[in-house]
């Protein structure tokens, strides 16, 4: 008599403890020009409190990002925050756009680096740092942003945020050209002119020394910074009656593709449980 094998019934499927993995064709890499490296080093070294800046970024080829130079703006700083003055940002942008250099319009439209110092603290981002990074994508409508956190202990940490593809890649590799000590006096003079400790400046908001309680590293006037920049750019474009110039060909930078990267999923927000106290 023939025997028939009994087929085991399949279990029903249920969600498990997920561990998503993402494989990238290449890891974004940053190269810092001598000018930008020098500006940032002296700025952080000469500042005893947090200080912030924006930088011009070009893309020589896919996955490679070149930081050309940075701009220091009027700001109010403390030991744990740096708030840029919208009027100061607009003033710098206006000077660039009104100059005779046709490349300045591209620079104003390529401020894709947001950097700030943590003085002697570590370079891991705070909750406010992460929120600020998301605000760039929401308010500026850019495809990507590079965040840099620096300290006086010899560490730079870059984070690449790709808003278009929904990726955030922390601690991406970087290289830099040699430091130029001759620029130190220039940076020191710019710090004295633009960086103030504590208080209140026009266009900003109230300031606190606690980063996570502070509404934004750009103060309550963050949207005003963006609006001011847009008005200046649009006004110059209308005046010249021409579109923004395309980036000039950058220096060829040969970098090897990075290894496969596994990204850990961000944990979903869960409100804290209420604690009931016995009466």
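Residue numbers (our numbering): 15 to 293. Glycine included, each C-beta is placed from N, C-alpha and C at the ideal position. All values derive from a computational prediction rather than experimental measurement.
- For the pair residue 187 and residue 40, the CB atoms are not nearer than the 8 Å cut-off.
- DSSP, read as helix, strand or coil, puts residue 116 in coil.
- Under the DSSP assignment, residue 195 falls outside any alpha helix (DSSP H); it carries neither an H nor an E label.
- Exclusion of the five residues before and after residue 173 leaves 161, 184 as the residues of its chain whose Cβ lies within less than 6 Å of its Cβ.
- Taking a C-beta distance under 8 Å as the contact criterion, residue 136 and residue 165 qualify as a contact pair.
- For the pair of segments examined, the region 85-93 was found to touch the region 44-64: the number of CB pairs separated by less than 8 Å reaches three.
- Beta-bridge annotation (DSSP): residue 158 is paired with 176.
- Rounded to whole angstroms, the Cβ separation of residue 126 and residue 158 is 6 Å, and the two are in contact under 8 Å.
- When DSSP states are grouped into helix, strand and coil, residue 129 belongs to the strand group.
- Taking 8 Å as the cut-off, the Cβ atoms of residue 201 and residue 60 count as close.
- For residue 72, the beta-bridge partners assigned by DSSP are 80.
- By the C-beta density criterion, residue 192 is exposed, having fewer than 16 other C-beta atoms within 10 angstroms.
- Among the bridge pairs identified by DSSP, residue 170 is matched with 164.
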